[in-house]
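What follows is a single structure, written as structure tokens, with notes after it.
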Amino acid sequence: MSNWLPRRFEFRVYTKHYGNSEFYFENRISLSLRASHLARSCQGIDHKVWSTGALSGSSGSSTEKRMTDDLSKNLVFQECHLCVSDMSLSRVVAVSILLLTAGSGATVHDGYNDFQEEDYTPHLDYNDPHWCHSPGLTNGEVTCHSPRGGAHRSTLGTRCEMSCDRGYRLLGRSSIQCLASRRWSGTAYCRQMRCRVLALIPHGRYTCTHGFVVDSRCDFTCDPGYRIEREHSRTCQHGGSWSGAQPDCSDMDPPKIKCPPSRLKVAEPGKLTARVTWDPPAATDTADKSLDVILVGQEPGTDFNEGLNIIRYKVYDQARNRAACKFIVRVEVRRCTLLPPPLHGSLTCSSDGNNYGATCEYHCEGGYELKGASRRVCQFGRNWDGNAAECVAMEFKSDVKTVSALLDQFYEKRRLLIISAPNTSDTDYKLHNIMIQKSDCGLDLRHVTVIELLGSPPRETGRIKESLLGSEVIEGLRQAFRISRSYFSMVLLDKLGMDRERFITPMASDELFSYIDSFLLDEEERERLELHRDFCD
Numbered sequence: 001m002s003n004w005l006p007r008r009f010e011f012r013v014y015t016k017h018y019g020n021s022e023f024y025f026e027n028r029i030s031l032s033l034r035a036s037h038l039a040r041s042c043q044g045i046d047h048k049v050w051s052t053g054a055l056s057g058s059s060g061s062s063t064e065k066r067m068t069d070d071l072s073k074n075l076v077f078q079e080c081h082l083c084v085s086d087m088s089l090s091r092v093v094a095v096s097i098l099l100l101t102a103g104s105g106a107t108v109h110d111g112y113n114d115f116q117e118e119d120y121t122p123h124l125d126y127n128d129p130h131w132c133h134s135p136g137l138t139n140g141e142v143t144c145h146s147p148r149g150g151a152h153r154s155t156l157g158t159r160c161e162m163s164c165d166r167g168y169r170l171l172g173r174s175s176i177q178c179l180a181s182r183r184w185s186g187t188a189y190c191r192q193m194r195c196r197v198l199a200l201i202p203h204g205r206y207t208c209t210h211g212f213v214v215d216s217r218c219d220f221t222c223d224p225g226y227r228i229e230r231e232h233s234r235t236c237q238h239g240g241s242w243s244g245a246q247p248d249c250s251d252m253d254p255p256k257i258k259c260p261p262s263r264l265k266v267a268e269p270g271k272l273t274a275r276v277t278w279d280p281p282a283a284t285d286t287a288d289k290s291l292d293v294i295l296v297g298q299e300p301g302t303d304f305n306e307g308l309n310i311i312r313y314k315v316y317d318q319a320r321n322r323a324a325c326k327f328i329v330r331v332e333v334r335r336c337t338l339l340p341p342p343l344h345g346s347l348t349c350s351s352d353g354n355n356y357g358a359t360c361e362y363h364c365e366g367g368y369e370l371k372g373a374s375r376r377v378c379q380f381g382r383n384w385d386g387n388a389a390e391c392v393a394m395e396f397k398s399d400v401k402t403v404s405a406l407l408d409q410f411y412e413k414r415r416l417l418i419i420s421a422p423n424t425s426d427t428d429y430k431l432h433n434i435m436i437q438k439s440d441c442g443l444d445l446r447h448v449t450v451i452e453l454l455g456s457p458p459r460e461t462g463r464i465k466e467s468l469l470g471s472e473v474i475e476g477l478r479q480a481f482r483i484s485r486s487y488f489s490m491v492l493l494d495k496l497g498m499d500r501e502r503f504i505t506p507m508a509s510d511e512l513f514s515y516i517d518s519f520l521l522d523e524e525e526r527e528r529l530e531l532h533r534d535f536c537d
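In this text, residue positions in the sequence shown follow UniProt numbering: the first is 1, and each later residue adds one.
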């Protein structure tokens, strides 16, 4: 095959990208050329021979570059180290390309399979201070040890240790060496460490000093009404983990409740109670929208008794925080002074006896008549209307003609004690008068009227105190109750005129009163007697 040289030749470089950190390149030549000599630099190549545009491409793709040269130049077989900017990946990569330049003494074959490349072994120069390019590590530190000494960082055989700043993690080789191929044995990259994004806490928030990078501190705060539990802050640690545990915001603010004001209510006329109403209080809370208010005490709109009534309300939120309030409902019963019962009489009063609107009625005992108003009413101003009434002794008519007319005056009003003696000088009669001396008050309290029948006709007398009875009435009494004139005797009649007991011997007043109290008085009379017992003393 004859030797020939084309007027122009074509050169192609295919660049393969693997991974994000390192790039490896393989070159294919479209022509079979034999170089006459080698060169270790590309300084003789005019940069204008490169077509315009930067290398670009994604991982795994091929990027093609074309270069042309005039065959008038000598063919040169060169190995060049160029820095090509990869604009799409924003990084600088080292590209080794193989350039062939047409020159004298070169042989061009017409078939790709006939190409023969001579073995190339670079001349090792341990004195070259820039055998490899100077290593660098962004956000890290490169510490190199050269056989030539510490001042040489890129000589052949230099070993460099790669370390990253705090907050960065080393990706790639931790140790690299400058090789005979003028390349480093590996690459490294410092990637910034980050902690995971912190989750938001319910009812709270956080702010961080430098986001989620190492040494950034995130401070937690809670909404009003809540308190932080556990850690107040967390720090992103070297290694990408957070310090401490995630805090919580717990509801510590109790609900707010306000009771209505205390109030005074006057009892209604004739009553000891008052109906009181109010609006139940509402409760509010920072966390809970709906709260159940609990009443402790009497319901509004009901009747309240006299005095102080304490009303309490309490409420709990979902966190069992408690709030309470209270107020007082005071019911006043306006009262008049107590009315004393009249002597020989009594009072019956409505309601509580002396409260506003109460009515008291006067009653007189048997043998007594009421003098004055029969009732009085307690007024709002705490005073009774009208004047006090009194009970005065009844005026018995002694000039009646029959026994029945006399007894009718005492029916259901008074008891009768009929005393009979042969004459005023009778021994038993005299003894009787001594034994019941000063007993008039006690007899009057027991509603007992004494009738004396003394002597025999025509000098027979009958009397009630100072009032004399007619002979027909005297005879009628003796006949009706079988009372003898020949000896001393006493007959005790109840208020219905019935013969209840007879005595033929004198009796002391205490014995007589004891009998009357035990057998003739009813319960009401006994109570009244106890009330006025000291009156006779």
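Ideal Cβ placement from N, Cα and C applies to all residues, glycine included.
Asked, Found
"8 Å contact criterion, which Arg182 and Cys132 should meet: CB distance rounded", "6 Å"
"Cα-Cα separation between Leu406 and Gly372, rounded to whole angstroms", "27 Å"
"Residue closest to Phe503, alpha-carbon to alpha-carbon, out of Gly497, Leu512, Leu496, Lys495", "Leu512"
"Neighbourhood of Glu229 by C-beta distance below 8 Å, restricted to the same chain and skipping five residues each side", "Pro247, Asp248, Cys249, Ser250"
"Among Asp279, Met193, Cys259, Leu200, nearest to His238 - alpha-carbon criterion", "Met193"
"Cβ-based neighbour list, Lys265, same chain, cut-off 6 Å, excluding 5 preceding and 5 following", "Ala274, Val276, Val331"
"Beta bridge counterpart(s) of Phe503 as assigned by DSSP", "Met490"
"Beta bridge counterpart(s) of Glu390 as assigned by DSSP", "Lys371"
"Sub-7 Å separation of Ala323 and Pro260 beta-carbons", "no"
"Cα-Cα separation, Arg320 to Glu361", "60 Å"
"Segment contact flag, the segment 425 to 438 with the segment 345 to 360, C-beta cutoff 8 Å, min 3 pairs", "no"
"Boundaries of the beta strand (DSSP E) in which Asp251 is found, first to last residue", "248 to 251"
"Beta strand (DSSP E) segment containing Arg159, residue limits", "159 to 164"
"Straight-line gap, Ile257 to Ala282 (C-alpha atoms, nearest Å)", "6 Å"
"Residues near Arg533 by beta carbon distance below 8 Å, same chain, minus five either side", "Leu445"
"Residues near Val448 in its chain [Cβ-Cβ closer than 6 Å; skip 5 each side]", "Arg415, Leu417"
"Proximity winner among Gln379, Asp510, Ser489, Ser509, relative to Glu501 (alpha-carbon distances)", "Ser489"
"Of the residues Phe410, Pro422, Lys430, Asp510, the one placed nearest Gly442, counting alpha carbons only", "Asp510"
"For Arg485, the first and last residue of its enclosing beta strand (DSSP E)", "Looking at the DSSP string, Arg485 is not in any beta strand (DSSP E), and its letter there is neither H nor E."
"Enclosing alpha helix (DSSP H) for Asn305 [first to last residue]", "Unbroken run through Asn305 is the beta strand (DSSP E), 302 to 305; no alpha helix (DSSP H)."
"Unbroken beta strand (DSSP E) run spanning Ala287, endpoints", "Premise fails: Ala287 is in no beta strand (DSSP E) and is neither H nor E."
"Reduced DSSP category for His145 - H, G, I as helix; E, B as strand; rest coil", "strand"
"C-alpha gap between Ser185 and Ser233, whole angstroms", "44 Å"
"Rounded straight-line distance, which links the Cα of Arg528 to that of Phe380", "30 Å"
"Test item: CB-CB of Met162 and Ser174 under 7 Å", "yes"
"Chain-order list of residues whose beta-carbon lies under 7 Å from that of residue 603 (same chain, five-residue window excluded)", "Nothing can be reported for residue 603, as the shown portion of the chain is limited to 1 through 537."
"Straight-line gap, Leu347 to Ile516 (C-alpha atoms, nearest Å)", "24 Å"
"Contact check, Val377 vs Thr359, beta carbons under 7 Å", "yes"
"Three-way DSSP call (helix, strand, coil) for Val95 in this model", "Bear in mind that a pLDDT of 36 at Val95, under 50, signals an unreliable position, so the model cannot answer this."
"Boundaries (first-last residue) of the alpha helix (DSSP H) holding Asp510", "509 to 519"
"Opening and closing residue of the beta strand (DSSP E) in which Tyr189 lies", "188 to 192"
"Nonlocal neighbours in the same chain, by C-beta distance under 7 Å from His130, ignoring five residues either side", "Ser154"
"Coarse secondary structure for Val400, derived from DSSP in three states", "coil"
"Status (buried if at least 16 other CB within 10 Å, exposed otherwise) for Pro342", "buried"
"CB contact flag (Tyr316, Val293, <7 Å)", "no"
"Nearest residue (CA-CA) to Ala245, options Glu231, Gly211, Gln318, Met252", "Glu231"
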